[in-house]
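**Q**
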Amino acid sequence: MDRFLIKNSSTRKHPLLVECTDTVTLPEKAKLRKNEDDSLLAEHLTWKEIRAEGLSCDYTLLYSKTEADVIFQQLEREITYFPEDLSRVQVYGKWHNVPRKQVTYGDDGLSYKFSGITLSPKPWIPLLNSIRDRVELATGHTFNFVLINRYKDGNDHIGEHRDDEKDLVPHSPIASVSFGACRDFIFRHRDARCKNPTRQIESQKLELANGSLLMMNFPTNVYWYHSLPVRKKVLAPRVNLTFRKIIPNCERKNTP
DNA sequence: TTCACCCCATTTAA
DNA sequence: TTTAAATGGGGTGA
Numbered sequence: 001m002d003r004f005l006i007k008n009s010s011t012r013k014h015p016l017l018v019e020c021t022d023t024v025t026l027p028e029k030a031k032l033r034k035n036e037d038d039s040l041l042a043e044h045l046t047w048k049e050i051r052a053e054g055l056s057c058d059y060t061l062l063y064s065k066t067e068a069d070v071i072f073q074q075l076e077r078e079i080t081y082f083p084e085d086l087s088r089v090q091v092y093g094k095w096h097n098v099p100r101k102q103v104t105y106g107d108d109g110l111s112y113k114f115s116g117i118t119l120s121p122k123p124w125i126p127l128l129n130s131i132r133d134r135v136e137l138a139t140g141h142t143f144n145f146v147l148i149n150r151y152k153d154g155n156d157h158i159g160e161h162r163d164d165e166k167d168l169v170p171h172s173p174i175a176s177v178s179f180g181a182c183r184d185f186i187f188r189h190r191d192a193r194c195k196n197p198t199r200q201i202e203s204q205k206l207e208l209a210n211g212s213l214l215m216m217n218f219p220t221n222v223y224w225y226h227s228l229p230v231r232k233k234v235l236a237p238r239v240n241l242t243f244r245k246i247i248p249n250c251e252r253k254n255t256p
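Here the first sequence is numbered in UniProt numbering, starting from 1 and rising by one per residue.
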């Protein structure tokens, strides 16, 4: 029987293998490996550059639809999110349940704070390490933390904000990987957010597709807010992973 | 026309 | 100084 299981790499030594519980025949496996190898080569990725004043982002399809569909199902099976009471945020002095589900994974000894909450990461699991490996191979950057947001349908959303937390390594890019439903993603310049803006700066609108990677490079998060707005017509869930580089607690400088 | 949807300004006390 | 939230008003197009 020329059948076997493609196994996931728990050691991060084999980033080329995507976890797959299906059995496939030998020729199919060889084909799969070749396609994966091809799409993994950084130089084979086609990037779309999104540029504006103070904004630098790069977008690509990191996974084929077939791969992305498999990974989405794996995420749905393997990721368990923080309970509601552990992910309430404080905005304008009021506490709210977030209109989505969240969880963080990452290296030991890290923590990420925003809007009144501190998120401590769960230990890495093979599935997330495999995605992280792929992102690192494609971008040449390394990451030690991932925030996962699950939007169950178009009513789940996230409001305008910047990823400008002290916990982030200065100037480090953030890698946003999307699975499941395609959603609109909006950038707005900080100087265009009041009633009488001093300058007219156009919003930047993107669609984040299944299997896509959006790199948010410095200094995007200094000048631009981003949001995932409500989209009533979207009925399917989306899972988004934002890989980050967090300053380890032990290396953190005391600010007076 | 109607109304669901989208855009966006406002809120607020830590 | 800023706000990872909801809310309500106005515009719009199917």
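Yeah, the Cβ is synthetic: ideal placement off N, Cα and C, and Gly gets one too.
1) Hey, how far is the Cα of Asn240 from the Cα of Pro83?
2) Using the DSSP secondary-structure output, state which residues sit across from Trp124 in a beta bridge.
3) Specify whether the stretch 64 to 80 and the stretch 127 to 139 touch according to this definition: at least 3 beta carbon pairs, one from each stretch, less than 8 Å apart.
4) Is the beta carbon of Arg244 sitting closer than 9 Å to the one on Asn149?
5) In angstroms, rounded to a whole number, what distance separates the CA positions of Ser56 and Thr139?
6) Rounded to whole angstroms, what is the Cα-Cα separation between Ala236 and Lys152?
7) Distance check for Val91 and Thr118, CA to CA, integer angstroms please.
8) Closer than 8 Å is the cut-off here; do at least three beta carbon pairs connect the stretch 151 to 166 with the stretch 119 to 126?
9) Buried or exposed for Asp167, please, with buried defined as at least 16 other CB atoms from any protein chain shown within 10 angstroms of its CB.
10) Rounded to a whole number of angstroms, what is the C-alpha to C-alpha distance between Pro248 and Leu110?
11) Assuming Val98 and Gly154 make a contact with CB atoms under 8 Å, what is their CB distance in whole Å?
12) Name the two residues that bound the continuous beta strand (DSSP E) containing Ile186.
13) Using only alpha-carbon positions, find the residue among Leu62, Ile201, Thr220 that is nearest to His44.
14) When we look at the beta-carbon of Phe179 and count the other beta-carbons within 10 Å, is it buried (16 or more) or exposed?
15) Rounding to the nearest angstrom, what Cα-Cα distance links Ala209 and Ser227 in this structure?
16) Met216 to Asp191, Cα distance in whole Å?
**A** So, from the data block:
1) 18 Å
2) Answer is none; Trp124 lacks a bridge partner.
3) yes
4) no
5) 14 Å
6) 7 Å
7) 14 Å
8) no
9) buried
10) 5 Å
11) At roughly 16 Å, the Cβ-Cβ gap does not stay under 8 Å, so Val98 and Gly154 are not in contact.
12) 183 to 189
13) Leu62
14) buried
15) 15 Å
16) 19 Å
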